[in-house]
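Chemist: The structure follows.
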Amino acid sequence: MQSKKKRQLVEETILSSYESMYRIAFTYVKNQEDALDIVQDSACRAMQYAASVKKEKYVQTWLFRIVINCAMDFLNRQKKEISMDNPEYYIHESSWDSYEDMDLKRALDKLNSKERTIVLLRFFEDKKLEEIAEVLRLKTNTVKSILYRSIQKLEIEMTKGEKLS
């Protein structure tokens with residue numbers, strides 16, 4: 005693949021995956037402005053290194069890995085404590101507009117960032133386990149185990165809310 009074609013492919017992937025990139029970044033930083041900064045940094049890095057793309061079918065996976073790396077870099081630079089009670093965590097209202105979704109968001113808050121990322125990629129971005137494993141640089145069976153445990157945790161949290169009602 006030629007360098008010009010790679011740049012165009014990366015650019016198209018950034019444009020088509022913008023919301024997914026935002027959700028991944030937001031999973032880590034829980035702040036809208038920081039997540040948008042991370043998406044912008046990720047897009048710049050992706051364009052800068054577009055020539056390094058090896059296979060066309062893995063461009064989105066490669067891009068998501070860049071977003072995760074940028075988010076981790078940001079957290080390391082900021083060395084700030086992430087508040088789980090931060091009201092900005094609640095993503096776009098159009099994406100999360102019912103009471104059930106509010107309960108799900110609260111339950112997702114109980115997961116650690118790796119668990120949230122796996123759940124987000126699997127159920128909100130409809131990624132295959134193999135793709136998630138590649139993005140997170142984990143074995144597929146590890147992703148399966150984490151996903152299974154995360155679902156169990158979510159079920160427990162969601163049923164707690166039902167028992168209180």
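Counting in this note's numbering, the sequence shown runs from 5 upward without gaps.
Backbone N, C-alpha and C fix where the C-beta goes; we use that ideal spot for every residue, glycine too.
How many Å lie between Y93 and Y32 at the Cα?
Modeler: Below a pLDDT of 50, predicted positions are generally treated as unreliable, and Y93, at 43, falls in that range; the measurement from the model is reported next regardless. One C-alpha to the other measures close to 10 Å.
Chemist: The ligand NAD and L40: does any heavy atom of the ligand fall closer than 7 Å to the residue's C-beta?
Modeler: This structure does not include the ligand NAD; it has no bound ligands of any sort.
Chemist: Which residue from V123, V71, S46 and A29 puts its Cα closest to that of I155?
Modeler: When each option's Cα is compared against that of I155, the closest is V123.
Chemist: Could you spell out where the alpha helix (DSSP H) holding F30 opens and where it closes?
Modeler: Its alpha helix (DSSP H) spans residues Y22 to V33.
Chemist: Can you check which of these residues, N35, V63, S56 and Q6, is closest to L19 by C-alpha distance?
Modeler: Nearest option by C-alpha distance: V63.
Chemist: Excluding five sequence neighbours on each side, which residues of the same chain lie with their C-beta closer than 8 Å to the C-beta of R126?
Modeler: Counting only Cβ-Cβ distances below 8 Å, and skipping sequence neighbours, we find L133, I136 and L151.
Chemist: Pull up the CB-CB distance for V139 and I42, whole angstroms please, since I reckon it's below 8 Å.
Modeler: With a Cβ gap of about 15 Å, V139 and I42 do not count as contacting.
Chemist: The alpha helix (DSSP H) that contains F68, what's its start and end?
Modeler: Run containing F68: V63 to Q82, per the alpha helix (DSSP H) assignment.
Chemist: So the candidates are R110, I160 and E60; which of them puts its Cα closest to the Cα of E9?
Modeler: The sequence given here has Lys at residue 9, not Glu. Taking only the C-alpha atoms, the option nearest K9 is E60.
Chemist: Can you tell which of E159, Y53, Q12 and A47 has its C-alpha closest to the C-alpha of Y26?
Modeler: Ranking E159, Y53, Q12 and A47 by Cα distance to Y26 puts A47 first.
Chemist: Within 10 angstroms of the Cβ of I160, are there 16 or more other Cβ atoms? Answer buried if so, exposed if not.
Modeler: By the neighbour-count rule (16 or more Cβ atoms within 10 Å), I160 is not buried but exposed.
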